[in-house]
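S.K.:
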Amino acid sequence: MGRRCGVEYTLAGLDLLLHRIGWSVQVPSRKATERNEEKIAAWKDEQWPIIKRRRRTWVPGSASKTKPARAWGHPRAAAGALGATEPLRV
Numbered sequence: 004m005g006r007r008c009g010v011e012y013t014l015a016g017l018d019l020l021l022h023r024i025g026w027s028v029q030v031p032s033r034k035a036t037e038r039n040e041e042k043i044a045a046w047k048d049e050q051w052p053i054i055k056r057r058r059r060t061w062v063p064g065s066a067s068k069t070k071p072a073r074a075w076g077h078p079r080a081a082a083g084a085l086g087a088t089e090p091l092r093v
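Each residue of the sequence shown is one higher than the one before, counting from 4 in this note's numbering.
(1) To the nearest angstrom, how far is the alpha carbon of Asn39 from that of Trp46?
(2) What does the alpha-carbon distance come out to for the pair His22 and Cys8?
(3) Taking only three categories from DSSP, how would you classify Gly9?
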């Protein structure tokens, strides 16, 4: 887009502009000749349910090896956990 029109857009911005003028994502006009419907149906029955399992809404801990999980909102999260031992008195 930048080379052709001299204007640069992000992918999200370009998507928005194209949708405004009625364009959409391109879809193939035909299916591949090598397509095997039996294998596709078997894959959908066996593999797709495993892939699309419901994710847990809350997971304790952190996935990061370098950054531990935050204690905010946890019942055991005390002032000491955030670095302060006693509240400030002014």
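Using N, Cα and C, we set each Cβ at its ideal position, and we do this for glycine too.
M.R.: In terms of the structure at hand:
(1) Looking up residue 39 in the sequence shown gives position 36. Looking up residue 46 in the sequence shown gives position 43. Near 11 Å, if we compare the C-alpha coordinates of Trp46 and Asn39.
(2) Numbered from its first residue, the sequence shown carries residue 22 at position 19. Numbered from its first residue, the sequence shown carries residue 8 at position 5. Those two C-alpha atoms are separated by around 18 Å.
(3) What you label residue 9 is simply residue 6 of the sequence shown in a count that begins at 1. Coil at Gly9, not helix or strand.
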